[in-house]
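Report on one structure; see the data block that follows.
This is the structure:
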C-alpha cells in the first residue's frame, strides 16, 4: 500500500461518508420496527451496499501507487543532437559539458508529435501526460490532480478507482436524500409537523443536498474529461482549446481505455534496497533533452513507459 503525504485526510473523508451513512441506517432500523419491515429492510440493504462500495473505492484510491515514475540519481547523458525546439539552457557546476534542452518532441504511436519537459527534481524527461506533483514531490504517469480529500495523487494507476469513488459517493448522497424525504412525506401529519418531528431526516436532507452539488458536479466533470480523453491538469491549463487533442480516440474508446484497460504494474519496487549514491546531492547541470532525440521504441515510435525508462536510465532498485 502506498499513501500520500497527507493521508490523514482519509480519516476526515471517511467520517464525512460514514457518519451520515450510519445515522441513516440507524434511522432505517428504527423504522423497520414501526412501519413495513420488508420495505425498510431493502432500503437498509441498499444503503449498506452503497456505503461499503464508497468506502472501499476510497481506500483503493488512496492506498495505490498512482503511477510514480522512478527518479534518476544523475541527469541523462548529453544529447547526440544539438537540435531542440527549446532555446532554454542552464550551465553550471562541474558538469558544464552537459547540454540538454529543456523541452523535446515526442512521437506517439499514432504518429502525433507532443512536447515533453525535463524535471529538475527527478532528473528525467517526463513521459507524455506525466507531471510533477509539488505535494507528493514525484512525477506521476498521466497526472490528473492531487486530491486533498483522499490525500493522494490521482494518476494512471488509481484513476478508475477515483471515478468509482466519486460516482458511488454521488449515488449514496442521492439515495439518502430521496429516502429521507420519503420518511418525512409518508407521515400523515403536515409537512412542517413531520419535519419538526424528524430532525435527523431533515439534517440528512440538507447535508446530502449540499454534498450532491460538490461530488455530483465533480462526477459530471470527470465523465466529460473521460469523453474527451483529458486530464484535469490538461483541462485547467486549456491545453487543447486551440489545438487537436492527440489522445482523443472517440467516446467509446476513451471509456474503454479508462475502465476496461489493464492497469499497468508499478514502475517502482518498494521493497528494493537503495544505494547510498541515491541520497547524494546532484551537481548543477545543463538540462533539457533526452538521451536520444525522442521517445522512440524499437519500431521507431513511442511504445510504452518501460522502453522510456530504459532509454532514460531509470534505476530498477528505487525506493521512496
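Numbering (my numbering), first residue to last: 13 to 332.
Positions of the beta carbon are idealized from the N, C-alpha and C atoms, including for glycine.
Keep in mind that this is a model prediction, so the values were computed, not measured.
Note on geometry: alpha-carbon atoms of residue 216 and residue 123 lie some 52 angstroms from one another. Pairing residue 284 with residue 23, the inter-Cα distance amounts to about 30 angstroms. Collapsing the DSSP output to three states places residue 182 in a helix.
When DSSP states are grouped into helix, strand and coil, residue 266 belongs to the helix group. For the stretch 203 to 247, the continuous alpha helix (DSSP H) assignments of 4+ residues that do not extend past its boundaries occur at 203 to 209, 211 to 223 and 229 to 240, in sequence order. Assignment of residue 125 by DSSP, reduced to helix, strand and coil, places it in the strand class. Spatial neighbours of residue 183 in its own chain (CB-CB distance under 7 angstroms, excluding positions within 5 residues in sequence) are listed in chain order as 62. Of the residues 125, 81, 172 and 160, the one whose Cα lies closest to the Cα of residue 134 is 81. Distance from the Cα of residue 224 is smallest, within the candidate group 237, 186 and 260, for 186.
Residue pairing of residue 80 in beta bridges, as defined by DSSP: 152. Taking a contact as a CB-CB distance under 8 angstroms, the pair residue 155 and residue 143 counts as one, their CB atoms being some 4 angstroms apart. In the three-state DSSP reduction, residue 261 falls in the coil class, being neither helix nor strand.
In this structure the stretch 29 to 37 lies against the stretch 59 to 76, because at least three pairs of beta carbons, one per stretch, are closer than 8 angstroms. Note that the C-beta distance between residue 65 and residue 26 is not below 8 angstroms. Under DSSP, residue 46 forms no beta bridge with any residue. According to DSSP, residue pairing for residue 136 in a beta bridge involves 131. Considering only 140, 157 and 139, the residue with the shortest C-alpha distance to residue 146 is 157.
DSSP links residue 164 through a beta bridge to 159. Here the alpha carbon of residue 239 sits roughly 30 angstroms from the alpha carbon of residue 219. Under the three-state reduction of DSSP, residue 117 is assigned to strand. Within its own chain, the residues whose Cβ lies closer than 6 angstroms to the Cβ of residue 177, once the five positions on either side in sequence are excluded, are 69, 70 and 73, listed in chain order.
Between residue 241 and residue 261, the C-beta gap is smaller than 8 angstroms, which places the two residues in contact.
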